[in-house]
Amino acid sequence: MKALRIIGILIGVLVLVLVIGAAALLIFVDPNDYKDQITRAVEEQTGRTLTIEGDMELSVFPWLGLEIGKTRLSNAKGFAEAPFAAVEEVGVQVRLLPLLRKELQMSTLRLKGLDLYLGVDKQGNPNWSDMIKPAAEPAPEADEGRGAALAGLAIGGVEISDANLVWDDQQAGARYQLKDLDLSLSEIAPETPIDFKLDFEVELDQPQMEGELELAGVLTLGPELQRFEIRDFKLETEAEGETLPGGKVEAELASAVTVDLGAGTLQVADLVLEAMGLKITGQASGQDIQSDQARFAGNLKLQEFVPRELIERLGQPAPEVSDASVLGKADAAIGFSATSKSFNADKLSLRLDDSTLTGSAGIASFAAQAIRFDLTLDQIDLDRYLPPPAEGEVQAAPTPAQAAAGGAGALPLDTLRALNLDGTLRINQLKAYQLRSADVLVTVKAKDGLVRVNPARASMYQGGYSGDITLDARGDTARIALDEKVQGVQAGPLLKDLMGDDKLLGTADVNAKLTASGNTPEALKRTLNGNAGFSFTEGAVKGINVAALIRNAKARLEGRPAPADSGPNQTDFTSLTGTAKITNGVVRNDDLAAMSPLLRINGQGMADLPQEQVDYSLTVKLVGSLEGQGGEGLADLKGVAIPLRIEGPFAKPNYSVDLAKVLEGAAKEKVKEKVEEEVQKKLEDKLDDKVKDQLKGIFGR
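Counting along the sequence shown from 1, when you hit position 42 you're at 41 in numbering that gives the first Met the number 0, and nothing is skipped either side.
Structure, rendered in C-alpha cells:
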C-alpha cells in the first residue's frame, strides 16, 4: 500500500509539473515572436516567401494545440502571381498525456479558406518541384526498442471549408478549378465507422463546363489500414456544358464497396447508377487487385427505358422512321469478366422493341483494340426503322456488292485500317428493304485494313444465298472482291418484295465473281469487272409479250388493225440462261438463250451500269405448236428469224420489232416456191417419166 501511495504521489507531482510548465510556456512564450524565424527558414529551404498575417496561438494542457491565422506561401517563378497556397485559419490540437503512452489523439483538424494553386509551365515543369529536395541517405537502423510505432491513433475529425483548388496546365492549355470545397470527417479511428461528406463546384476551360458534385458515406478502416469498407455511399453530380449530351447531365451513384488489400479482393455491391433517365443496377468483384494478374467479374442490368426519349434528352432529333411505334422500349443485361488487358461481356442480352440480341462480345486486347463477338439476333424488321419512302417510291434493297460499295464510301480508309475484328452474327428472321430471309449467318474478320465476310449465308424464297466478300483498304484506294451465289430462289416473290414488281418469274440460279476499286459507290461501279452466269427455269418475263409484239407488227404491215390481246403481257419460258462478262461497269452478254413451246430466243447485248442504259438485240423464232401463248395468226412465220431490239434506260426501255424485212424475205421465198412449182408442172407435161424422175431428183420433189 505504501508503494502504491508513493507512485500516486509521483504521478500527481508529474501532472503538477506539467501543468506548471504549460502555464509557464503560455505566460513566457509567444509563438508570434517566432514569425520572422519561421519565414526565414521557409525561404532558405524553398526560396518561397511565407507570409503569416494572422496571429498564432498556442495551447498546452490538456491539449497541445496551435492556431494559425491568415497565411500564404508565394508561387514559383514563371507562374501566376496568385499564392501557391493560402489559408484563412488552421487549427490542430493533440492530447498531451496520451503521447506518454505513444498514442496520438487529435481533436478535430480545422482548415478554413484554403486556396491551392497547382500548375505546369509550357516546358512541363510543375510549380512544386523546387520544394522537393533529393532524398537523403537512409539513416542507420535504430536500436531495438527505439522509434517504435504509435500504440494508437485517433483523430477527432477533419473540417475543411471554403477551399479552392486550381490546376493550370500551360503545356496542355487546360485549366480546372474546384471551388467552395467542403470536406467533413467524423472521428477517425481504426474499426470505427467514419461519416464523411464532400461537396464542391468545378469549372473547366477546355472543354468549357461547370458543375457541382456531392458525395457522402460511412468509411470503416481495418487494422493497419489493410481493409476499407464504405457503406451508404452516394454521389450526386450536375454539370452543364456545350460538349455534354443535351448540354446538361445529372447523375446519381450509390453503392457499397469493400477493399481488402491483404487478401487482394474487391467487392462492389448494391450498385445503382441513374443518369439521363437511365437506371443501371449491378455488382462486381475483384481478385488479386494489387497485381498484374488482377481479375474482375460482375453483372449489370439496364432497366427498361424508351430509346426515343433518350435520343431527345441527348439533344438529338428523333430519327424519321417508317413505324412510329419503334424505339419504344429497350433494356439490357450483361455478365462480364475483365482484366487489366481485356474485357468480355460473356453473358449479353440486349432487347430493342421486339428484337433480342444474345451472346458474347468484348475486347480481347485493349492495346490491340481487338474486338471479338458471337451474337444471335432472334428477329428484326429493319424496314420499321428506315425513313419512309417518298410517295410512289419503292425502297430497293442494295445487293451485297452494293452494300459493300456503300460501306467503303461511308467509312474512311483510316477507320477500316484500324479495325481489329473477329466475330459471327446469326439472325433467325430478317426483313430489310422488304426482302425476307432466315437463318442468316455472317462471319467477319478484319485486321490491318483487310476485311473479309466469309461465310455469308441466308435462306430465302425457297432457295439460298452464299457469299464471300473481301474489302482491302490497305492501299490508298479500296478494293473489293465478291464471290456470290443464289440457288433455287423463286425470282417472282423475291422481286415483288425487293422492287415492288415481279418482272421475272421462275426458279433462279445466279453466280457472280466480281472485283472493283474505289472509295465511293460511283467509283466502284465504274471499275466493276468479272464474270457472271444465270439460269431461270419454268418462268416468265413480265412487261413484254414477244408473240404479241410480232403479231401486232405483222398486222400493221398487212394494213390490218392490231388484234386484241388475249393473254397476259408476259413471255413464258421453260428455260432462260446466259453468261456475262463485266468490264469497267459494262455488262456484256453474248449467249442469252430462252426456250418455250412457242419460242426460241437468242440474244446478245450490253448493259451500262454507270449510265444505267441497256442495248440488246434478240432473234426470235416461232417453233413447235402455235397453239401456245399468243401463237394464233403466226403460222406463216413459223421458223422465220425475227429480230427484236431492246434499248434505252433501265427504268423504261424501248422494244421494237423490224418485221418488214422479215416479211419481205418470206414473200420472196413464197414467190420462188411458186415459180418452182409452175416450172415443174410444165416440164412434167412434156417429158417422159424418166426425165421426170431426174427432175424430181434435182428439185427434191
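Yeah, the Cβ is synthetic: ideal placement off N, Cα and C, and Gly gets one too. These figures come from a predicted structure and were not determined experimentally.
Query                                                                                                                      : Result
Chain-order list of residues whose beta-carbon lies under 6 Å from that of L234 (same chain, five-residue window excluded) : L214 and L252
Cβ neighbour criterion (16 or more within 10 Å) applied to G505                                                            : buried
Cut-off 6 Å between Cβ atoms - residues of its own chain near T355, not counting five sequence neighbours on either side   : D377
Closer than 8 Å to chain D by CB, L272                                                                                     : The chain labelled as chain D is not found in the depicted structure, where only one protein chain is given.
Outcome for L349 when other beta-carbon atoms lying within 10 angstroms are tallied against a minimum of 16                : buried
Sequence-distant residues of the same chain with beta carbon closer than 6 Å to I426, five excluded per side               : L376 and V439
Run of the beta strand (DSSP E) containing R644, from where it starts to where it stops                                    : A640 to P648
Backbone CA spacing between T618 and I479 [nearest angstrom]                                                               : 36 Å
Any non-hydrogen atom of the ligand GDP closer than 7 Å to Q612 Cβ                                                         : Judged by which ligands are present, the structure shown has none, so any question about the ligand GDP falls away.
Runs of beta strand (DSSP E) wholly within the segment 276 to 364 (minimum 3 residues, chain order)                        : 277 to 286, 294 to 304, 329 to 338, 342 to 351 and 354 to 364
Simplified DSSP state of Q36, which is helix, strand or coil                                                               : helix
Proximity winner among D607, A579, G334 and K121, relative to E521 (alpha-carbon distances)                                : D607
First and last residue of the uninterrupted beta strand (DSSP E) at A173                                                   : A173 to L184
Assumed close pair Q207, E241 - CB separation to whole angstroms, cut-off 8 Å                                              : 6 Å
Spatial distance of I645 from N544 (CA atoms)                                                                              : 13 Å
Residue from G491, K444 and A490 with nearest C-alpha to D471                                                              : K444
8 Å Cβ cutoff met for T423 and D482                                                                                        : no
Reduced DSSP secondary structure (H/G/I, E/B, other) of V235                                                               : Looking at the sequence itself, residue 235 is Glu, so the reference to Val does not match. Reduced to three states, the DSSP call for E235 is strand.
Cβ neighbours of P652 in the same chain (closer than 6 Å, five flanking residues each side left out)                       : V613 and I645
8 Å Cβ cutoff met for V509 and V485                                                                                        : yes
Cβ neighbours of G584 in the same chain (closer than 8 Å, five flanking residues each side left out)                       : K524, R525, T526, L527, D607, L608 and P609
Neighbourhood of G77 by C-beta distance below 7 Å, restricted to the same chain and skipping five residues each side       : D120
Separation of G123 from Q170, as counted between CA atoms                                                                  : 6 Å
8 Å CB neighbourhood of F649 in its chain, flanking five on each side removed                                              : A606, E611, Q612 and V613
Three-way DSSP call (helix, strand, coil) for A531 in this model                                                           : strand
Span separating the alpha-carbon of Q176 from that of N163                                                                 : 7 Å
Range of the contiguous beta strand (DSSP E) that encloses A522                                                            : No beta strand (DSSP E) contains A522, which is instead part of the alpha helix (DSSP H) from P520 to R525.
Extent of the continuous beta strand (DSSP E) run through T442                                                             : L434 to K446
Beta-carbon proximity check, G53 vs T107, cutoff 8 Å                                                                       : no
For A296 and S436, the rounded distance between their alpha carbons                                                        : 38 Å
Where the alpha helix (DSSP H) through A417 begins and ends                                                                : L412 to A417
E56 to L65 span [Cα, whole Å]                                                                                              : 6 Å
Cβ neighbours of S341 in the same chain (closer than 8 Å, five flanking residues each side left out)                       : G361, I362, A363, S364 and F365
Residue of E88, A173, L621 and D496 minimising C-alpha distance to R550                                                    : L621
Residues sharing a beta bridge with E249, DSSP                                                                             : E237
Segment contact, 8 Å Cβ cut-off, at least three pairs: the segment 258 to 266 with the segment 282 to 302                  : yes
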